[in-house]
Each structure stands twice: as C-alpha cells, then as structure tokens.
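**Student:** Below are the structure tokens for one structure; questions will follow.
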C-alpha cells in the first residue's frame, strides 16, 4: 500500500513537512512512510512547484529513509505546493519511471491503490489514451495509465469530470473482461495552484484519506507540537493515512468523494461518481 | 550506439569472455564497451543459459566498468551460450527494464540500433503485439517492442521469418506515418541451443556485425594471444564492433543478412528481406 | 538489527536456501529478512565458494526483496558454502563497501550487532590493524574493522583465538574510553571448507544464534516441508534468528560460545572468552 | 581525471551553470563533464549554499549525464556559491561517500588529482588527522583525507596556510615511504562567502586550472553567447579544464599558486609552497 501527502499553503521548507522531530504533526503522518518501521521500500518521490510553472520531481528507488539526497534537499526546498509519495509496488518494476508523482506539463498526479486485473486490460486501457498523449507515458504502472486516461478525458479543463470518466472507462473495460471491482484509489492531482483529491473504490470500501483541520486551531490546542508553530495558517494537508493519536487534527474524506483546495486555502467537497463511456 | 556480443560453444567462464587481459581477442572486442574510454554508460546486461531452461539475466544501470558485482559474477558463470550488451540510450530511461538482453520464456533478444520516429508509431506497433504477449512487455524501448513483434509473428517457430515480418510491419507502419528508413538494427536472439543474428537497415547502411573465424586457426596463427588457448575449438562469437588490429579473426556479416550458429558450431548465412503485412 | 545465515553441506542451489516457498524451513528462517514485512532495508550481500578458492560476493544497497538480480542469481548459484546477510545500518552509510559479507583472500566474515561508541574508539582500533592489512579495509563499518582486527590477531591460523583477542582489544580500548559493554555480536567466518560462528556480548545478553539439527531427522518428522526433501543430509545451517513455529528444527547456540562446522558436517562447540592484550 | 567548477556571484540558477545550450560558455566548460562524450562516469556531486549556513550536497554514483534528478534540481537551485564535481575514480569504490564535494560544517572541499602511493601511506596520514575530526571521515578517498588534514591544520582559520601544511605533511610522509612526487592537485574550498582554489603538484606539472575573466567584457565581446547575458557581472568561475574555443574567457592559474574570490567578487593570487612539519 502506497502512502502520500500533499501540502498547500504559504511556502514552507520541505524539511518541516517530511523530517520534523518525532512528536510533530507531519512526522506522525509520515511515520510509517519515512520512518524505520515501514515496509514501503519500493521507491519514493516528491514533486513541488518552485522556479517556473512546471513542477520539479525528485524520485528514487532507494528507500526514502536511506536517501541522503532527500534529506539534503528537504532542507533546501521551499514551496507552497508539495506532493510526497512512498511506493509499495504491486508488481511493476521498482524503477524511477514508476515512482510517483507523475507529471505532464504543469500537472502532477499520484495514486494509492490499484487496478485489479491490470495486466489483462492494460492493452485496452492504453489504447484509449489520446494518441498525442500516449508517447509521454514513461513507466509501466496502472497509476500512470489512469493519469493519462484522465488527461485524455479533460483533466486540464475539468478535473473531477475527467477522473470520473477515466474511472468509468476502467470499470467498463474491466466489466467486459469479467473483472469485478477493478478500481481502488486515493488520488491527488494539482496544476500548480489548486489541489484535487479523490477517494473512490469500485467495491465501496476505499483506502483512507484525510485532510487537515485548521492549523490555527491546532496550534492553540497543541502548543506542545512544534511544527504547528512553524506551519502557516494557510497550511492545508491531505494524507492517505490516519493519525492514531491526534484525531482532532484530521477530518476523513468520505467514501466516493472528491475535494479541492484552492491557492487561497478554500476547500470544497463533492460526491464522486464514475461516468461510463 | 549499443554494442553487443554473443558466445556459443563449450562452456567457458564469462570472465574469459568479458574481462580477459588487454591483448586477448574478446578484450579487444569489448574494449570500448567495458573499458575506461567508452561512452556506453547507460546500463548493461548479460544473459546466459545455466541451471534450467530459462536463461538468467544480470542487468544494471551502473556503467559496466564500475560494476563490482559484474566482475564477481564473471568469475563464477560458466556457460555455453552467453549474450552481453552495453547500452547507449537513444532517449528512453536508463532503468533495468530497458537494459538488454530481453527474455521471454527460453528466448533472449538484444539489439543495437533503433526505430526512427518510435514515439510517433509506438502506439500502433504495440497495438500489433499479440494480446497474450502484451502484458509481458516490461520496459519502454523500441528494442523490446521489436522482440515482442517478432514473438507475435512466430519467433519461436521460424525466427528468420518472424523477424522479417516484424521488420516489415515496422516499415509499413512507419511509411503510413511518413517516416523514411525507420529500421536500423543488428539483432541477436537465441533459444538456448541455437543463436540467430540479423543485420539490416531500411536505408541499406546497417551498423556493423562480425562473427569469429575458426578459433583453432587463430590459436595457431596467434600463439601470443592467451585467450585463444582458453577458448574451446567450438567457440563461436558474434560481435557488433570490428576489431582494428586482428582483422583475420573476424568475418563481416554482409548487409541485409541473417546467420545462425547451432549448438554443434555449424553456421549458416542467408539474405534478409522484410515482409510487409 | 542485521540478520544472517550460513549454509554448508553438499552443493545446493542458492534459490533453495533463499527463496523457497512459504512453508519451507529456510523460507521461515529468512522470512523477516527477504520477505515483505522486514525493515532490514539497508543493503544485503551473499558470498559463496564456487569457481576458484576465493569466495564470490554479490552485494547491493537495494532492499533484498526488490533485487531482481538476486532472484536471477539465486537460481544459478550452486554452492556448498554460502553466507547471506541482510543489513540494518546503525549509522554508517548504506553503500556496497559496507555490506556484508566482507572478504579477505579466501576468508569471509559477517556480523550482526555492533561496537558501542565506535566513532569514539574507531581511530584507536583501526590503528591496531596490521599495517599490511590496513589498506584492504574498504568500508566504514565497525564490523569490517572487527574482521581486520581478527585477521591481525591470526584469524587464518586459529580463528577462535584470533576473535577472542580482537574482542579483548575492543573491550580494552573501550574501557580506556569509558565505554561499558562495547561488544554485541554474532559473527560467522569461513575459509572455504570450515565455518566458525560466534555468539558473544560484553554485557552477557547476546543476540540470538541457532544451528540446524539433523536434516535427515527433520525430513522424517516433517514430510510436509518440501525443502527438507531438497537439502542433502549433510546440510548444516546457522541462523541469527529463531524460527517460531518449528522449534525442533533449531538448537540455540549458548551465550559466550563459538562453534565450528567442518566440511564433512561435523560440529563442535566451545566457550568463548575475550583475551585482553 | 576528475573535473570541477566553482561559481560565485549573485544568485543564479544551477541550470544556467550546468546545462545551458551548446554554445554557452559554461556548457563548453562542462562539455566533457556532463556531455555524452565524457569518460567521467564514476559519480558526481554538487554542493551549494542556500537555506541555512551549511551547504547542501547532491551526490550520485550514476553518471551525471544520466541523472534525471540532477536535471530536475538544476532548474530549482538558485545559489550564489556552487561547486560541481565529476569523478573519475583512481581506484577507491564508486559510492556516494567518495563523491565530491566533501563537507565539514560550513566548509566544502573538492579535488582533482591524487596522492601517489596512497594505500601505502594512508594509515599514517589518517593517523595525523585530529582525533575529534577523525570520526567525520565518511569515505575512503585520498581527497577526503587531504580535506581532513587541512581541517586539522587550521583550514577554518587560514586556508592557504592549512593546505600548505597538509600538503607538506603528505610530502614528508611520502618521502619517508620512498614515494616521489606524491601530490597532484587542483583543489577548491569555500566557507560560504569566500572561495579558495589551489594548483600544485610535487612534480611541478600540475593539472590545469582556470578562472573566468570579467563577464561584462565577455558579454560585450560575445553577444552571440546567450549565457553571458544570463550570468551577472559579479559572476566568477573557476574550472579545472581549459576551453579550447574561447581563450579570451579564461585566465590560467599559474603553477604552484592559490587564489581566492571574495563574496564581492574581488580576487587575489599568491604563491603556494608546502610546509613540511
């Protein structure tokens, strides 16, 4: 099972999000991702918006907890929109091109979950990707194909509708191949200013997804947590894993929902329903 | 430009083929591959038949000349059929799944050259791969797609005909996309007992391909070359690069030709002509 | 905490030792090493005697469970004496030269444990290594320094005495630096025919160490375990980790003991006592 | 032979220094380092001052020209003091801890050249490193030992004197071991505001070292070179390799010299003479 987080808000140091001391909020969120006890050792990646419009990616097949370059860079990257992803491979090779986040132009995408029976239906799904987008697929994961299907169906114009159509197509193709409940996903995507997150599974029991509650409140409630003092009021976090010991810091995104967080910190949440072709 | 070699004959140590002292035959063949002066630093691979019917692969994205594991293994691998390949990427990522040789069942395949305009026609070429073979494609190279096209067209039954049909398809698809002279290749493939090699380019100016002349003769002519004393009489080598200073050791495979070397060391050579669909 | 195993006996395939199906003996021994639930992701290594007198090493900083080359090679390596080690770094860099087993001439060495306060006393310990051996130290671990101290004190002539002197020196130097209980170790070393194993800690609570009981008996007692049918009667295994569900397969090496297994499968066990300089 | 460059001046994007188009000044300087024709494939590193006082390091054992992370980061790193180094190993392992630049506190250090007979005299040289500095040595290169000797002899207080004493010690120890002409070096070191460069060899034939002439002049002389328009007037570059086709852009640092460039762009140049203990 992969794990991921997104940050949006005023620019902060990636180190404050990824490597802060043990009792910090984010450290807890990332505990099983970047800590010594994790099994998510199949590569990792971060993506962030900094210089220029196109997000930068740093990805590696080393376990994140061993990667000295990651620690170095986390202390230098100051960004207002960061994605971080820890991969647990479901079979495709452990290689940089299979590490999340994926990027196309100014867009980033990352995914936790999988498409059941992907080897069986990959050919048909890939065939549905727009011919002009197809050559940009670099790796071999279901996650990246889902991204390119969403791009094909208009991600850049209407992200929720495009993801609904992409998921609908996967469900349609899977049904034709006799595969039940093909989609399991929590997805995050961003264009540099807005972040969208999706929680959905065909079977109706999706992997978890949480967003942060107001940092200002948390700062007042938990003066003992240093990172609350570091993160700005505008900080908005979305994480794939619940926090056991600070339940008031997180709100669960409901089943079959998508949400968005705009540049100025406003959030919305709506129902998600796949649209079959 | 990639470089490769094949060995077939009585079992020898891979070290005798890959890392023998400076004036040895194979050392010269591999000089620019494994030596300090090469630019072929985009990964390498070896494949060999040993235990079991399926060939074993050792591939790495480290430059071959730095790979301590390769040096260790070369001293332990004893085999009668070895492929070695040094990659120079033409754009696809430097990752293990893009390193040659490729394998399917008992078959190995490696390639020097490229398909012009591959990003443009990849989608159509991949669409022509047999659906049951498609999920086995692991990397993103033109070389691997060519292998799966050849498998689709019957590589396991009639290798020369299958490669002629695969190349014919590529030329047909490329023509449809307005791409001239799409194929440039020297290819080697093997099933565990026989090795086939192909030299062809659409433009009629193929990259070089050489096979060894009789080792017994060379041993008599060049008693000063130690590796001639090590390699058995049955040794047959095919290499992508000419040797400058031992011309009598190598015979050039002519333009638009394929050859085969059987387990007992017999060789054949025939004309190669793409078959369009 | 590192984990390791040694095999000695008639030649077997490394695959039978490292990757056999879920209910096999060795699979259980290695479950937390090579399986998906381990945290031992800081590199691994295997060493074995094959061609020539010098053991071959295959080491990588990839997690062992991700390393496709390891899986390939395990199916090709047939050996009568194998070391396998999974590293959990205690601070020194994750790099090949810090992966076990270490090698000097025909000798291999691997270690689980550590030297407390190593950064403080490293300079003095390294200074005690014989000048002619010193340049052969390649990495930066305490484990390798312990190996070179043992070599300095006569490992090649009398392994138990040499290790007792090496450990004695470490304890002496540590005492001088005010460090209590400096040594924690289970160590294996071999010369190509005999394997020695050591269990010792300054504090008297050493990490665990087990050796296999007679495979012939186990085969009769557990006909349902396929690997018992594969391994020869001469098979002798030493492992750092107990097996929870097959207690009759393993005997614990007592605290402060060393044991040896000769080429013909005979074993001895003796008390271990550090010898201060 | 390693290659390196330093940049100091107003903050610029690392991309402008490392990856600018073919006809740019720096591209030429780095041509054989980062280009496709190089043999410097034994790892690389960059170090720069950004957030905080301690420089950040990004190092990898991948060839620099293959490293996608380097390309990504070069587009994001904006710095006023950058070191870049491409390694050609002279025997020590290709591993991150052997890649330059090295760092201690706020200081960086990189080196082209080597210490002749280093394996023979390493023990004595390492023994001369201050005990409190010794544990910080991470790798196994002569270059890093030279750095720690310089730190031992007061690099942080008087860099030229400290390097003169470090080199003097190496020559003294080498003489005692019968090694002639032990030191070959071009070295760069920096503390975050000032950069020092050294050109020296015991034999009196040092590897090359160049510094840029005034960028403002070059901009006027070469309006056709885009990077001259990008780099600020304060830009000061020191490079290990001459540029063949823009001789007016570079001035050679003479044999047995050291130079320094301060934060405000002023430079000095003095004679360098080893000081034996």
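Chains as they are written, first to last, in my numbering: chain P, 1 to 277; chain U, 278 to 554; chain A, 555 to 831; chain H, 832 to 1108.
The beta carbon of each residue, even a glycine, is placed where N, CA and C say it ideally should be.
Can at least three beta-carbon pairs, one atom from the region 693 to 709 of chain A and one from the region 807 to 816 of chain A, be found at a separation below 8 Å?
**Tutor:** no
**Student:** What's the call for residue 203(P), buried or exposed, on a 16-neighbour Cβ count within 10 Å?
**Tutor:** exposed
**Student:** Applying a beta-carbon distance threshold of less than 9 Å, which residues of chain U neighbour residue 148(P)?
**Tutor:** Going along chain U, no residue has its Cβ under 9 Å from residue 148(P), so there is no contact; the nearest lies around 12 Å.
**Student:** Taking residue 2(P) and residue 45(P) to be in contact with their CB atoms under 8 Å, please state how far apart those CB atoms are, rounded to whole angstroms.
**Tutor:** Not confirmed; about 10 Å, so no contact.
**Student:** In terms of alpha-carbon separation, which member of 874(H), 967(H), 955(H) and 849(H) lies closest to residue 909(H)?
**Tutor:** The shortest CA-to-CA distance from residue 909(H) to any of 874(H), 967(H), 955(H) and 849(H) is the one to 849(H).
**Student:** Roughly how many whole angstroms lie between the Cα atoms of residue 401(U) and residue 379(U)?
**Tutor:** Across the structure, residue 401(U) and residue 379(U) are spaced so that their CA atoms are roughly 21 Å apart.
**Student:** Excluding the five sequence neighbours on either side, which residues of its own chain have a C-beta within less than 7 Å of the C-beta of residue 23(P), listed in chain order?
**Tutor:** The predicted model places residue 23(P) with a pLDDT of 38, which falls under 50 and marks its position as unreliable, so this point remains unresolved.
**Student:** Quick one, are the C-beta atoms of residue 73(P) and residue 83(P) less than 8 Å apart?
**Tutor:** no
**Student:** For residue 413(U), which of helix, strand or coil comes out of DSSP?
**Tutor:** Looking at residue 413(U) - three-state DSSP - the assignment turns out to be helix.
**Student:** Here's the rule I'm using: 16 or more other beta-carbon atoms within 10 Å means buried, otherwise exposed. How should residue 816(A) be labelled?
**Tutor:** exposed
**Student:** Just by C-beta distance, which residues in the region 338 to 356 of chain U are closer than 8 Å to chain A?
**Tutor:** 345, 346, 349, 350, 352, 353, 354 and 355
**Student:** Using the C-alpha atoms, what's the distance from residue 11(P) back to residue 995(H)?
**Tutor:** 45 Å
**Student:** If distances are taken between C-alpha atoms only, which option among 450(U), 392(U), 452(U) and 446(U) comes closest to residue 483(U)?
**Tutor:** Nearest C-alpha to residue 483(U): 392(U).
**Student:** Pull up the distance between the alpha-carbon of residue 891(H) and that of residue 880(H), whole angstroms please.
**Tutor:** Taking C-alpha positions only, residue 891(H) is separated from residue 880(H) by approximately 18 Å.
**Student:** Nearest-angstrom Cα distance between residue 117(P) and residue 1062(H)?
**Tutor:** Between the alpha carbons of residue 117(P) and residue 1062(H) lies a gap of roughly 53 Å.
**Student:** Considering only the beta carbon of each residue, do residue 1020(H) and residue 1027(H) sit closer than 8 Å?
**Tutor:** yes
**Student:** So with CB distances below 8 Å, who are the chain U contacts of residue 567(A)?
**Tutor:** Ordered by position in chain U, the residues that pass the 8 Å Cβ test against residue 567(A) are 328.
**Student:** List the residues of chain U whose Cβ lies closer than 7 Å to the Cβ of residue 650(A), in chain order.
**Tutor:** 345
**Student:** Of all the residues that make up the region 689 to 716 of chain A, which are near chain H by a beta-carbon distance shorter than 7 Å?
**Tutor:** 689, 692 and 694
**Student:** Quick one: grab the DSSP three-state call for residue 238(P).
**Tutor:** strand
**Student:** Can you tell which of 607(A), 681(A), 676(A) and 710(A) has its C-alpha closest to the C-alpha of residue 694(A)?
**Tutor:** 676(A)
**Student:** Going along chain A in order, which residues have a C-beta closer than 7 Å to the C-beta of residue 334(U)?
**Tutor:** What residue 334(U) touches in chain A: 626.
**Student:** Hey, would you say residue 439(U) sits closer than 8 Å to residue 431(U), going by beta carbons?
**Tutor:** yes
**Student:** Between which two residues does the beta strand (DSSP E) carrying residue 455(U) extend?
**Tutor:** From DSSP, residue 455(U) is part of no beta strand (DSSP E); its letter is neither H nor E.
**Student:** So which of 794(A), 790(A) and 754(A) has the shortest CA-CA distance to residue 824(A)?
**Tutor:** 754(A)
**Student:** Let's test the definition: count the other Cβ atoms within 10 Å of the Cβ of residue 944(H) and tell me whether it reaches 16, buried, or not, exposed.
**Tutor:** buried
**Student:** Could you give the C-beta distance for residue 927(H) and residue 62(P), rounded to a whole number, given that I count them as a contact under 8 Å?
**Tutor:** Not quite, the Cβ-Cβ distance comes to about 10 Å (not below 8 Å), so this is no contact.
**Student:** Please classify residue 303(U) as buried or exposed, where buried requires at least 16 other C-beta atoms within 10 Å of its C-beta.
**Tutor:** Because residue 303(U) carries a pLDDT of 42, less than 50, the predicted location of this residue cannot be relied on, and the following value inherits that uncertainty. Label assigned to residue 303(U): buried.
**Student:** Which whole-angstrom value is the C-beta distance of residue 513(U) and residue 542(U), which I expect to be below 8 Å?
**Tutor:** 6 Å
**Student:** Please decide whether residue 42(P) counts as near chain A, where near means a Cβ-Cβ distance under 8 Å.
**Tutor:** yes
**Student:** Is the Cβ-Cβ distance between residue 897(H) and residue 468(U) less than 8 Å?
**Tutor:** no
**Student:** Sort out for me which residues DSSP pairs residue 545(U) with in a bridge.
**Tutor:** 537(U)
**Student:** Mind listing the chain P neighbours of residue 400(U)? Cutoff is C-beta to C-beta under 9 Å, in chain order.
**Tutor:** Using a Cβ-Cβ cut-off of 9 Å, residue 400(U) is close to 126, 127, 129, 131, 134 and 135 of chain P, given in chain order.
**Student:** Using only alpha-carbon positions, find the residue among 510(U), 461(U) and 526(U) that is nearest to residue 487(U).
**Tutor:** 526(U)
**Student:** Look at the alpha carbon of residue 183(P) and the alpha carbon of residue 435(U), and state the distance between them as a whole number of angstroms.
**Tutor:** 41 Å
**Student:** In the structure shown, what three-state DSSP assignment does residue 951(H) receive?
**Tutor:** helix
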